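*Asks:* Residue numbering for the sequence shown follows our numbering, beginning at 745 and increasing consecutively.
The beta carbon of each residue, even a glycine, is placed where N, CA and C say it ideally should be.
Quick caveat, the model's predicted, so the values are computed rather than measured.
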Amino acid sequence: MSKPNFDDIYMDLAVNLAKKSHCIKAHVGAVLTKDTRIISIGYNGPPAGTHNCDEEFPEHGCERDSKGSCSLALHAEQNAILYAAKNGASMEGATIYVTLSPCIACARIIYSMKISKVIFKDSYAQYKGIPKDEGVEFLKKFGVEVIQYQGSLER
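1) Mapping the DSSP letters down to three states, classify residue 756 as helix, strand or coil.
2) May I have the straight-line CA-CA distance separating residue 801 from residue 820, to the nearest angstrom?
3) Below 8 Å, how does it come out for the segment 820-836 and the segment 864-876: are there three or more Cβ pairs, yes or no?
4) For residue 859, is the classification buried or exposed, using 16 other Cβ atoms within 10 angstroms of its Cβ as the cut-off for buried?
5) Which parts of the segment 862-894 are runs of the beta strand (DSSP E), unbroken and 3 residues or longer, counting only runs that do not cross its ends?
6) When the Cα atoms are used, what is the spatial distance from residue 708 to residue 772?
7) Within a Cβ cutoff of 7 Å, which residues of the same chain sit near residue 754, ignoring the five residues on either side of it in sequence?
8) Report the rounded CA-to-CA distance for residue 818 versus residue 789, giving the unit in angstroms.
9) What's the C-alpha gap between residue 826 and residue 843?
10) Assuming residue 828 and residue 896 make a contact with CB atoms under 8 Å, what is their CB distance in whole Å?
11) With DSSP collapsed to three states, give me the class of residue 767.
12) Span of the alpha helix (DSSP H) holding residue 826?
Have a look at this one:
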């Protein structure tokens, strides 16, 4: 039996973290790593201690903002980055694994924190039905390596 590589391990973890999401619309997970070590994890949903949308708003989820997005949720990348920052972890040169490619807002945060690589499983643009992955384009334009995951997840 061959040993899995770190990309497969971390993406598998991101997929499993997504299952923790309380969001009605989407389940997204993220794993922030540096030098083959996990420095933080996250999944999408409202800030800790506020709401659990699937429990408080089970029929429709939370209110939508003017763009049709969740008004309460933090994205998985945001949760992972915020937790790492709160605990003083350096993110410069880190890699983030995420089950959905970063939106433009998350891309700006990823770039600002000097995360150097993003590996994503599925396209945010396809999920949202928009013409392009603005976050991916932004990151690539400013020198962040962005790769769509092509590995094999354990089932």
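*Replies:* Put simply:
1) For the purposes of this step, residue 756 is taken as residue 12 along the sequence shown, with counting starting at 1. Correct three-state label for residue 756: helix.
2) Taking the sequence shown and counting its residues from 1, one reaches residue 801 at position 57. Taking the sequence shown and counting its residues from 1, one reaches residue 820 at position 76. Straight-line Cα distance between these residues: approximately 20 Å.
3) no
4) Walking along the sequence shown from the start, residue 859 turns up at place 115. Counting Cβ neighbours within 10 Å, residue 859 comes out buried, since at least 16 surround it.
5) 889-892
6) Beyond the ends of the chain as shown, which are 745 and 899, falls residue 708; an answer cannot be given.
7) Your numbering for residue 754 matches position 10 in the sequence shown. Closer than 7 Å at the Cβ level, and outside the excluded window around residue 754, lie 775, 777, 841.
8) On the sequence shown, residue 818 is found 74 positions in, with the first residue counted as 1. On the sequence shown, residue 789 is found 45 positions in, with the first residue counted as 1. So the alpha carbons of these two residues sit roughly 5 Å apart.
9) In the sequence shown, residue 826 corresponds to position 82, counting from 1. In the sequence shown, residue 843 corresponds to position 99, counting from 1. Roughly 18 Å separates the two Cα atoms.
10) Position 84 of the sequence shown holds residue 828. Position 152 of the sequence shown holds residue 896. 28 Å between Cβ atoms; not a contact.
11) Here residue 767 refers to the residue found at position 23 of the sequence shown. The answer is coil: DSSP assigns residue 767 none of H, G, I, E or B.
12) By one-based count along the sequence shown, residue 826 stands at place 82. Residue 826 -> alpha helix (DSSP H) spans 820-830.
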